[in-house]
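Q:
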Amino acid sequence: MTENTRYGTVLVTGATGKTGRQVAEAAGAAGLRVRAASRGGEVRFDWYDPSTWDGALRGADAAYLAYAPDIGAPGAAGTVAAFARRAQDLGVRRLVLLSARGERQAEPAERALRGSGAGWTVVQADWFFQNFSEGLLLEGVRSGEFVFPAGEVPVPFVDARDLAEVVVRALTDPAYVGRTLEITGARLLTFGQAMAEISAAAGREIRYVPVPTKEYGAILAGFGLPAEEVAFMEEVFDGLLDGRGARTTDVVREVLGRAPRDFTDFAREHAAAGVWKV
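Just so you know, we're using my numbering here: the sequence shown kicks off at 4 and counts up by one.
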């Protein structure tokens with residue numbers, strides 16, 4: 004019996020999101036049966052509505068947990084703990100939690116999973132390449148002026164596809180039970196350097212405009228974000244972008260037996276697909 008057969012049905016929460024979509028695809032490619040769950044999908048799942056949990060969990064062997072809106076958000080630890088208990092009640096043996104590398108606010112949720120009694124793995128990821136190609140930050144890149152409170156801090160950006168493949172290994176290989184996997188890309192880039200690489204690939208200038216965190220918070224507030232969410236994001240950005248995470252790890256190579264995908268290749272691939280065209 005192969006490991007993939009033993010963990011044959013995998014629940015993927017947030018399956019329409021940046022990482023969940025990639026995990027679902029990688030799990031399917033690995034021969035797993037994927038139960039793709041989201042708030043609006045065929046398999047309905049909402050972290051804030053426990054009545055949706057049983058239907059998503061029942062019959063699954065393992066689950067990928069992508070907590071929304073952020074693993075460090077207030078209340079996340081209690082929700083993760085309750086979900087882990089319910090998963091075990093329903094026979095789900097393996098839980099892999101997506102966490103944020105260097106995010107102090109994520110530590111309570113990580114502890115909650117580790118203390119739940121489940122067969123757990125925590126995957127701590129750094130900033131994704133895909134932050135520039137989808138989601139809230141894409142419009143800033145397309146506009147030609149990317150405003151962000153990162154200063155000139157170097158970051159080991161990682162491809163969400165690498166994350167997904169690491170998650171699938173963690174879901175299916177007992178060697179990763181009880182481990183925290185800290186994944187990064189292969190090299191450090193500042194946000195300005197990332198914009199320069201995207202500019203070269205896209206054939207037009209995309210300027211990086213660093214701003215203080217409070218100024219960026221005011222921009223978010225102008226988009227209608229509640230004051231408490233703005234304050235939380237300001238705190239998270241200040242912690243994540245203080246320079247302490249400016250190092251790479253070898254975890255992707257250790258788990259997958261190959262180097263992480265490179266940012267230059269990502270930029271060329273997505274520019275060719277027209278992602279940053281205006």
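All C-beta atoms, glycine included, are put in the ideal place defined by N, C-alpha and C.
Using a Cβ-Cβ cutoff of less than 7 Å, which residues in the same chain neighbour Met-4 once the five nearest sequence positions on both sides are dropped?
A: For this step, residue 4 is matched to residue 1 along the sequence shown. Because Met-4 sits at a pLDDT of 33, beneath the cut-off of 50, its placement in the model cannot be relied upon, and the following sentence gives the value as read from the coordinates. Correct list: empty, nothing qualifies.
Q: Taking the continuous beta strand (DSSP E) assigned at Glu-142, which residues delimit it?
A: Stepping through the sequence shown from its first residue, residue 142 is reached at position 139. Segment 141 to 146 is the alpha helix (DSSP H) holding Glu-142; no beta strand (DSSP E) there.
Q: Taking only the alpha-carbon atoms, compute the straight-line gap between Glu-148 and Gly-75 and give it to the nearest angstrom.
A: Counted from its first residue, the sequence shown places residue 148 at position 145. Counted from its first residue, the sequence shown places residue 75 at position 72. Approximately 29 Å, taken between the alpha carbons.
Q: Just to confirm, is the Cβ distance from Ala-167 to Lys-21 under 7 Å?
A: Counting from 1 along the sequence shown, the entry for residue 167 is found at position 164. Counting from 1 along the sequence shown, the entry for residue 21 is found at position 18. Contact: no.
Q: For the stretch 108 to 119 against the stretch 60 to 77, do three or more pairs of beta-carbon atoms, one drawn from each stretch, fall closer than 8 Å, so that the two count as touching?
A: The stretch 108 to 119 and the stretch 60 to 77 touch, with no fewer than 3 CB-CB distances between them shorter than 8 Å.
Q: Report, in whole angstroms, the separation of the C-beta atoms of Ala-39 and Ala-27, which I expect to be a contact under 8 Å.
A: Locating residue 39 in the sequence shown gives position 36, where the first residue counts as 1. Locating residue 27 in the sequence shown gives position 24, where the first residue counts as 1. Ala-39 to Ala-27, Cβ: 5 Å. Contact.
Q: Quick test of the definition: if touching needs 3 or more C-beta pairs under 8 Å, does the stretch 151 to 162 touch the stretch 207 to 224?
A: yes
Q: Just the C-alpha distance for Ala-173 and Pro-53, rounded to the nearest angstrom, thanks.
A: The sequence position of residue 173 within the sequence shown is 170, counting from 1. The sequence position of residue 53 within the sequence shown is 50, counting from 1. Rounded to the nearest angstrom, the two C-alpha atoms are 25 Å apart.
Q: Buried or exposed: which applies to Val-288, given that a residue is buried once 16 or more other Cβ atoms fall within 10 Å of its Cβ?
A: There is simply no residue 288 to check, as the chain begins at 4 and stops at 281 in what is shown.
Q: Report, in whole angstroms, the separation of the C-beta atoms of Val-255 and Asp-129, which I expect to be a contact under 8 Å.
A: Here residue 255 is taken as the residue at index 252 of the sequence shown, counted from 1. Here residue 129 is taken as the residue at index 126 of the sequence shown, counted from 1. Going by Cβ atoms, the distance from Val-255 to Asp-129 rounds to 11 Å, so no, they are not a contact pair.
Q: Here's a check: name, in chain order, each residue in its chain whose Cβ is nearer than 6 Å to the Cβ of Gly-195, leaving out the five neighbours to either side.
A: The residue given as residue 195 occupies position 192 in the sequence shown. Cβ within range, chain order: Tyr-211.
Q: Starting from Ser-68, follow its DSSP beta bridges and name the residues at the other end.
A: Taking the sequence shown and counting its residues from 1, the one referred to as residue 68 is at position 65. With the sequence shown as reference, residue 68 is identified as Leu, and Ser is not the correct amino acid for it. Partner(s): Leu-100.
Q: Between Val-126 and Pro-263, which are expected to be in contact by the criterion C-beta below 8 Å, what is the C-beta distance as a whole number of angstroms?
A: Here residue 126 is taken as the residue at index 123 of the sequence shown, counted from 1. Here residue 263 is taken as the residue at index 260 of the sequence shown, counted from 1. The Cβ separation is near 14 Å, so there is no contact.
Q: CB Val-171 to CB Ala-33, shorter than 7 Å?
A: As a position in the sequence shown, residue 171 is number 168, starting the count at 1. As a position in the sequence shown, residue 33 is number 30, starting the count at 1. Closer than 7 Å, so yes.
Q: Quick one: what's got a C-beta closer than 8 Å to Ala-274's C-beta in the same chain, skipping five residues either side?
A: Stepping through the sequence shown from its first residue, residue 274 is reached at position 271. Answer for Ala-274: Ile-201, Ala-204, Ala-205, Gly-206, listed in chain order.
Q: Measure the CB-CB distance between Ala-84 and Ser-119 and report whether it falls below 7 Å.
A: Counting from 1 along the sequence shown, the entry for residue 84 is found at position 81. Counting from 1 along the sequence shown, the entry for residue 119 is found at position 116. Yes, the Cβ-Cβ distance between Ala-84 and Ser-119 is below 7 Å.
Q: Let me know the secondary structure DSSP gives Ser-202 once reduced to three states.
A: For the purposes of this step, residue 202 is taken as the residue at position 199 of the sequence shown. The answer is helix: DSSP assigns Ser-202 an H, G or I state.
Q: Please report how far the alpha carbon of Arg-107 lies from the alpha carbon of Ala-87, in whole angstroms.
A: In the sequence shown, counting from the first residue as 1, residue 107 sits at position 104. In the sequence shown, counting from the first residue as 1, residue 87 sits at position 84. Rounded to whole angstroms, Arg-107 to Ala-87 spans 21 Å at the Cα level.
Q: What is the residue span of the alpha helix (DSSP H) that Ile-222 lies within?
A: Locating residue 222 in the sequence shown gives position 219, where the first residue counts as 1. From DSSP, the alpha helix (DSSP H) with Ile-222 extends over 216 to 225.
Q: Tell me which residue opens and which closes the alpha helix (DSSP H) that Gly-81 is part of.
A: Working through the sequence shown from its first residue, we reach residue 81 at position 78. Taken as a continuous stretch (DSSP letters only), the alpha helix (DSSP H) holding Gly-81 covers 79 to 92.
Q: Taking the straight line between their C-alpha atoms, what separation do you get for Leu-60 and Gly-242?
A: The residue labelled residue 60 in the question sits at position 57 within the sequence shown. The residue labelled residue 242 in the question sits at position 239 within the sequence shown. About 34 Å.
Q: Using C-beta distances below 7 Å, list every residue in its chain close to Leu-116, excluding the 5 sequence neighbours before and after it, in chain order.
A: For this step, residue 116 is matched to residue 113 along the sequence shown. Hits under 7 Å: Val-83, Ala-87, Leu-98, Leu-100, Trp-123, Val-125.
Q: With distance defined between alpha-carbon atoms, name the residue in Gly-143, Arg-247, Tyr-179 nearest to Val-258.
A: As a working note, residue 258 is residue 255 in the sequence shown. Checking every option, the nearest Cα to that of Val-258 belongs to Tyr-179.
Q: Where does Ser-136 sit, in a helix, a strand or coil, going by DSSP?
A: Within the sequence shown, residue 136 is the residue found at index 133, counting from 1. Note: Ser-136 maps to coil in three-state DSSP.
Q: Near Arg-145, which residues of its chain fall below 7 Å by C-beta distance, leaving aside the five closest residues on each side in sequence?
A: Taking the first residue of the sequence shown as position 1, residue 145 is located at position 142. Result list for Arg-145: Trp-279, Val-281, in chain order.
Q: Any idea what DSSP makes of Phe-160, helix, strand or coil?
A: Locating residue 160 in the sequence shown gives position 157, where the first residue counts as 1. Of the three classes helix, strand and coil, the one that applies to Phe-160 here is coil, per DSSP.
Q: On the three-state DSSP scale, how would you describe Ser-119?
A: Taking the sequence shown and counting its residues from 1, one reaches residue 119 at position 116. In the structure shown, Ser-119 sits in coil (DSSP, three-state: anything other than H, G, I, E or B).
Q: Helix, strand or coil for Ala-63? Go by DSSP, reduced to three states.
A: Residue numbering aside, residue 63 sits at position 60 when the sequence shown is read from its first letter. If DSSP states are grouped into helix, strand and coil, Ala-63 belongs with coil.
Q: Sorted by chain position, which residues of the same chain lie with C-beta nearer than 7 Å to Val-233's C-beta, five sequence neighbours on each side aside?
A: Here residue 233 refers to the residue found at position 230 when the sequence shown is read from its first residue. Excluding residues within five positions, the ones whose Cβ falls inside 7 Å are Gly-220, Leu-223, Ala-224.
Q: In or out: Gly-58 buried (at least 16 other Cβ within 10 Å) or exposed?
A: The residue you call residue 58 lines up with position 55 of the sequence shown. With fewer than 16 other Cβ atoms within 10 Å, it is exposed.
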